[in-house]
Amino acid sequence: METSLNGLRFRHYYYSVRSYLLGGNPGRRDPRVLLLAVADVVAGRVRASVSMGVCPYCGRSFTSRSSVKKHLTASSCCGLQLKNDVYAVVEAYVKLRSVLRGSGATRCGSRKCRIKVYRDGRPIYFKNAAELARWIKEVGLSFLSAF
Ligand SMILES: [Zn+2]
4 METSLNGLRF RHYYYSVRSY LLGGNPGRRD PRVLLLAVAD VVAGRVRASV
54 SMGVCPYCGR SFTSRSSVKK HLTASSCCGL QLKNDVYAVV EAYVKLRSVL
104 RGSGATRCGS RKCRIKVYRD GRPIYFKNAA ELARWIKEVG LSFLSAF
């Protein structure tokens with residue numbers, strides 16, 4: 004089980020998730036469909052709120068998305084809550100990865116890879132990461148209890 008991450012990889016996940024939640028587009032070179040699916044499920048309301056110009060934590064309205072971003076960087080209280088949400092996403096993603104590794108799916112980005120996930124003791128197979136990502140979005144937070 005992968006329970007801890009080295010600092011570099013953690014920082015990479017952390018900043019990918021943070022910028023995604025603040026309305027950024029996922030990078031084209033490294034789409035990380037699973038990471039973003041987990042972000043949508045665990046903290047999608049943050050992204051939705053920021054895109055409407057509203058702080059997801061204190062409810063203050065701003066004229067633009069970039070002002071919300073500034074507020075979340077400047078306000079220690081709301082900023083801390085954002086940090087917690089980003090951590091929660093990364094934690095759930097690391098848990099997901101450790102399970103995928105345990106089931107032998109080491110190359111889940113590849114097209115040939117079959118991913119096996121157990122739910123209620125029964126295996127469910129996915130062709131690839133994109134398919135697993137769709138399933139995660141479909142079942143919502145309960146995906147966490149599948150592992
Ligand atoms: Zn706020």
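To convert, note that position 87 of the sequence shown is 90 in my numbering; the numbers rise steadily by one, no gaps. Backbone N, C-alpha and C fix where the C-beta goes; we use that ideal spot for every residue, glycine too.
- Bounds of any alpha helix (DSSP H) do not take in Lys-119; it lies within the beta strand (DSSP E) bounded by 118 to 122.
- In the three-state scheme derived from DSSP, where H, G and I count as helix and E and B as strand, Tyr-60 is classed as coil.
- Nearest Cα to Val-41 within the set Phe-129, Lys-119, Lys-98: Lys-98.
- The continuous alpha helix (DSSP H) containing Phe-13 extends over residues 10 to 24.
- For Arg-125, the enclosing beta strand (DSSP E) begins and ends at 125 to 129.
- A straight line joining the alpha-carbon of Val-92 with that of Thr-66 spans about 27 Å.
- For Cys-80 and Leu-24, the gap between their C-alpha atoms comes out near 17 Å.
- The C-beta separation of Phe-129 from Val-120 comes to about 7 Å, placing the pair in contact by the 8 Å criterion.
- The shortest CA-to-CA distance from Asp-88 to any of Arg-48, Asn-28, Val-71 is the one to Arg-48.
- Following the DSSP letters along the chain, one finds Leu-144 in no alpha helix (DSSP H), marked with neither H nor E.
- Those residues that bring their Cβ nearer than 5 Å to a heavy atom of ligand 1 are Cys-58, Tyr-60, Cys-61, Cys-81.
- The Cβ atoms of Gly-82 and Ser-70 do not sit closer than 9 Å to each other.
- Between the alpha carbons of Tyr-18 and Ser-145 lies a distance of about 25 Å.
- Non-local beta-carbon contacts of Asp-43 in its own chain, meaning distances under 7 Å to residues more than five positions away in sequence, involve Lys-140 in chain order.
- Remark: C-beta atoms of Leu-38 and Tyr-96 approach each other more closely than 9 Å.
- In the structure shown, the three-state DSSP call for Asn-28 is coil.
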